[in-house]
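**Student:**
Protein chains in written order, with the working numbering: chain A, 125 to 729; chain B, 14 to 405.
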């Protein structure tokens, strides 16, 4: 019959475990900064977390390259805040900015990451007020501006006659200038609407009514507000279109405008309405490469730096702008061709500022001045400097956790874990007695390993422990303890069948090992899938859960089983009373007596 | 059944197959079918109480204690209205004692407004700890949807992966039965959420997903025993497949109860602390969903998974034929020994002894091959107990 099978040598397994623990803790103490503390998430230590989701125009997934580029740019920007320990992590199509510490509010403004373009202002901007009485001077001004709106017009003489919006020859953003009330009756639908695609009702769009579905709304906005004819029509019609247009309260086009088409839009405060020329000429070659009369060909990526400062020639603030690459060259050609015209800085389809071009600006650096407050100037400089992301983003989640709240969360998590552990300990002791002690020991050792791995992962792959992660650990106490339960119940089965504790151990082990492996495999599968697919905090939860499952196997194989084997060999320790198996022994004996009696009864008949 | 089986607890502890769970499966189907119906109806007609992550908005959180005593929700509301000129959506006080907090929810506010609001709240209410203790979070409405979509994708992938794994490890009938049980768990847990009206947050959705792992874990353990008990059953006439499965369920019953208790205890701690100390948040959301899910998951592995597996298995003519043979043998026995039931008196034992022996031998060979032969110390052992069995 069965030999005393599976004579494992417990010392070997335990030794391997000790080796692992020693190795882990030497890594903890002798590499990195040697501090044995895991990296805490901002919900445990306080700080700000902003999740930016890439806006996907046309429902396309942004490319990895664009996302990585955006990540780098935002990281530069975060570091510009001057806080330490800030981090930008890519999570699928999201960028998660984490800034620890109390002084981290600035991170939220980083959410205003956008696509930046330079577009020439066509015609005159109109105030977004409800139909104003037409002023007598209006037709004249808009008429004289007309030639500049035709792309075929040679750059030069005619442009010079166009009115500037500032009287003193000082360049200023249009919004600071006197509004040109060149408003024709706003109720008449502009001619442009007729040339749009028939299925889109541009009247609705111009009234600020868009479809519910984002894709449809974007398509509508593009069809009506990016009509290619906007730059070829005469000034009167353009002005009419402008007049009929209402600034939408929530613009679906935001960041989704096509740079090679004209754009009808408003400024960020919805105070003025603009018709803007395309950034880039059409690709069909109809426009010569050196024709900068309409096309700036400049986007935020051409900007090297932007700094705000005080105006050396007087009061007020200015923004100094430097281009990089052939950006300076383009800017020079564009400004030469459009002196006295306005150029709009367009951020996410909205006009941030629309300064006048006073003179050709060559040499790659330029100065924007106007009636800025210091804050305005700083804001504009930041927009210019950092608005050069290849994608536009939307802040999906922004959270600031105070250090006190973080601390109390951490405490609550630890207390919850402590209570959970204590309850499990108590139950195991009551139910399994000596084996319960082994369970507790194994759980504690498992905790020791988990902690070391946590610290190391924080150091190596930047794994941060957050509240969800703590919850994952607490939940995994159950999974870890369950492996022992499976083993011990098997042990009981074997003892019940009449085996001694000692001979039951290898048999129970072989059988429960299979169960533990398959059950842990399912559990691990669940957390792995969650981890791969999920976003945000969920990832932390899945990660800790999966990690504990793996470490659970290590502990069961290297600690629990050898210890039980050792106990089973010791005479005093393996007494039924201590091991908690007495009941099973008794039950097994009863069963056999019963069935023996029955069999005897059957025979008698 | 023999009367000498003893108390319910004893029968549970010993696991002799005394509870006829598989045999009375119709009853469970009807019972859980009804519960499922109620849950589905609640989800359809009552819906869920969507949290801030699904509706979008800003939540500001501050300590509910100031130097001059507790801060009332009305005072917070007033301060909010004064600062921004609009009403907050809701103000509530959560948690107890020193860690009590006030939570103010409103429409989504931009960063500047949040800063204004924080300053105003600090000036008006003067919470202990000052401005730095005020937390805020803003969530766009699409964020919750993004998480839910991902969760649903995860659910799909998970089901597929698990089905493949189980079908390979066990058999397709068991894979199907396990999935039925898991779907049942998810629907009931979600239904309970809808019925009770707990707020649904992304953490809840995630908690729901982890239940899957748990529920399956339980099911795998039970099925492992079923597999063991039914190995080679086609060649035997002692038990039908259903009876062997029932025995397996009974044998693992105590384990299932233990496991569930052990798993639930920490979650219970999590819930008590999550609600008691912090009021609301990730901890509470996760704990709540896990608590319900785990309890249901343990039940379903016993009452749904195994019976469904048996039903599927019994569609196979070979198993039906075997069941008929068992019946024939029993009838035969009954004719011989009038009135003596053949079932019930069996000693609990597994039928895969040969497989186990083979594995143990392999194990031993491996241990022997891996290490230095160490007979010396073991000689006494071998002498004392040559067979290793029937020692008592």
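In this text, a Cβ means the ideal position worked out from N, Cα and C, and glycines have one as well.
Quick one, which of 162/B, 269/B, 373/B has its alpha-carbon nearest residue 307/B's?
**Tutor:** 269/B
**Student:** Counting beta carbon pairs with one atom in the stretch 476-496 of chain A and one in the stretch 385-399 of chain A, are three or more of them shorter than 8 Å?
**Tutor:** yes
**Student:** Could you work out which residues of chain A lie near residue 187/B, taking near to mean beta carbons separated by less than 7 Å?
**Tutor:** The CB of residue 187/B never comes closer than 7 Å to any CB in chain A; the least such distance is about 11 Å.
**Student:** Taking only the alpha-carbon atoms, compute the straight-line gap between residue 370/A and residue 47/B and give it to the nearest angstrom.
**Tutor:** 55 Å
**Student:** In chain B, what lies closer than 8 Å to residue 684/A by C-beta?
**Tutor:** Those within 8 Å of residue 684/A in chain B number zero; the least Cβ separation is about 14 Å.
**Student:** Measure the Cβ-Cβ separation of residue 679/A and residue 639/A and say whether it is below 8 Å.
**Tutor:** no
**Student:** Under DSSP, the alpha helix (DSSP H) around residue 91/B begins and ends at which residues?
**Tutor:** 86-97 is the span of the alpha helix (DSSP H), which, as asked, contains residue 91/B.
**Student:** Cβ atoms of residue 651/A and residue 666/A: under 8 Å apart, would you say?
**Tutor:** yes
**Student:** Which same chain residues, not among the five before or five after residue 318/B, have their C-beta less than 6 Å away from its C-beta?
**Tutor:** These residues qualify, in order along the chain: 190, 191, 194, 232.
**Student:** Using a Cβ-Cβ cut-off of less than 8 Å, give me the residues of the stretch 155-174 of chain B that come near chain A, in sequence order.
**Tutor:** Taking 8 Å as the Cβ-Cβ cut-off against chain A, the residues of the stretch 155-174 of chain B that qualify are 155, 156, 159, 160, 163, 164, 166, 167, 170, 171, 174.
**Student:** Using a Cβ-Cβ cutoff of less than 7 Å, which residues in the same chain neighbour residue 624/A once the five nearest sequence positions on both sides are dropped?
**Tutor:** none
**Student:** Over what stretch of residues does the alpha helix (DSSP H) that includes residue 518/A continue unbroken?
**Tutor:** Where residue 518/A is concerned, there is no enclosing alpha helix (DSSP H), although the beta strand (DSSP E) it sits in stretches over 517-525.
**Student:** So, for residue 263/A: in the same chain, excluding its five sequence neighbours on each side, which residues have a beta-carbon less than 6 Å away from its beta-carbon?
**Tutor:** The predicted position of residue 263/A is uncertain, since its pLDDT is 38 and thus under 50; a value taken from the coordinates is nonetheless stated next. By the criterion of a C-beta distance shorter than 6 Å, residue 263/A is surrounded by no residue of its chain, once the five residues flanking it on both sides are discounted.
**Student:** Beta carbon of residue 161/A, beta carbon of residue 525/A: below 8 Å?
**Tutor:** no
**Student:** Residues in its own chain within less than 7 Å of residue 33/B by CB, not counting five upstream and five downstream?
**Tutor:** 259
**Student:** Short check: CB of residue 572/A to CB of residue 145/A, under 8 Å?
**Tutor:** Taking 8 Å as the Cβ cut-off, residue 572/A and residue 145/A qualify as a contacting pair.
**Student:** Could you check whether the stretch 87-94 of chain B touches the stretch 56-63 of chain B, counting it as contact only if at least three pairs of C-beta atoms, one from each stretch, sit closer than 8 Å?
**Tutor:** no
**Student:** Which residues in chain D sit within 7 Å of residue 182/B, going by Cβ to Cβ distance?
**Tutor:** Absent from the structure is chain D; the protein chains it does hold are A and B.
**Student:** Along the chain, where does the alpha helix (DSSP H) that runs through residue 485/A open and close?
**Tutor:** Counting along the chain, residue 485/A falls outside any alpha helix (DSSP H), and DSSP gives it neither H nor E.
**Student:** Does the contact criterion of 3 or more C-beta pairs under 8 Å hold for the stretch 170-183 of chain B versus the stretch 549-557 of chain A?
**Tutor:** no
**Student:** When Cβ atoms are compared, which residues of the stretch 136-150 of chain B fall closer than 7 Å to chain A?
**Tutor:** 142, 145, 146, 147, 148, 149, 150
**Student:** Determine the DSSP secondary structure at residue 319/B, reduced to helix, strand or coil.
**Tutor:** Residue 319/B falls in the helix class under three-state DSSP.
**Student:** Rounding to the nearest angstrom, what Cα-Cα distance links residue 309/B and residue 198/B in this structure?
**Tutor:** Annotation: residue 309/B to residue 198/B spans about 6 Å, alpha carbon to alpha carbon.
**Student:** When we look at the beta-carbon of residue 281/A and count the other beta-carbons within 10 Å, is it buried (16 or more) or exposed?
**Tutor:** In this predicted model, residue 281/A has a pLDDT of only 34, less than 50, meaning its place in the structure is not dependable; the value taken from the coordinates is given anyway. The residue in question, residue 281/A, is exposed, as its Cβ has fewer than 16 Cβ neighbours within 10 Å.
**Student:** With residue 239/B and residue 311/B assumed to form a contact (beta carbons below 8 Å), what rounded beta-carbon distance in angstroms separates them?
**Tutor:** Rounded, the Cβ-Cβ distance is 16 Å, inconsistent with contact.
**Student:** Since residue 571/A meets chain B, which of its residues come closer than 7 Å, beta carbon to beta carbon?
**Tutor:** Chain B residues near residue 571/A: none, gap ~13 Å exceeds 7 Å.
**Student:** Which residues of chain B have a Cβ atom closer than 7 Å to the Cβ of residue 369/A, listed in chain order?
**Tutor:** Ordered by position in chain B, no residue passes the 7 Å Cβ test against residue 369/A, which lies about 25 Å from the chain.
**Student:** Check whether the Cβ of residue 536/A lies closer than 7 Å to any heavy atom of the ligand MN, and answer yes or no.
**Tutor:** The ligand MN is absent from the structure shown, which contains no ligand whatsoever.
**Student:** Taking its Cβ as the centre, do 16 or more other Cβ atoms sit within 10 Å of residue 62/B, making it buried, or is it exposed?
**Tutor:** It is exposed - the Cβ of residue 62/B has fewer than 16 other Cβ atoms within 10 Å.
**Student:** Considering Cα atoms alone, identify which of 188/A, 224/A, 627/A, 607/A is closest to residue 674/A.
**Tutor:** If we check each option's Cα against that of residue 674/A, 607/A comes out closest.
**Student:** Looking only at C-alpha atoms, which of 643/A, 140/A, 627/A sits nearest to residue 605/A?
**Tutor:** 643/A
**Student:** If I follow the unbroken alpha helix (DSSP H) through residue 616/A, where does it start and stop?
**Tutor:** 591-620
**Student:** Would DSSP call residue 169/A helix, strand or coil?
**Tutor:** helix
**Student:** Mind checking who residue 124/A pairs with in its DSSP beta bridge?
**Tutor:** Since the first residue shown for chain A is 125 and the last is 729, residue 124/A is missing from the structure and cannot be characterised.
**Student:** Quick one: which chain A residues come within Cβ less than 7 Å of residue 268/B?
**Tutor:** 609, 610, 613, listed in chain order.
**Student:** Taking one C-beta from the stretch 426-446 of chain A and one from the stretch 514-521 of chain A each time, how about it: are there three or more such pairs within less than 8 Å?
**Tutor:** no
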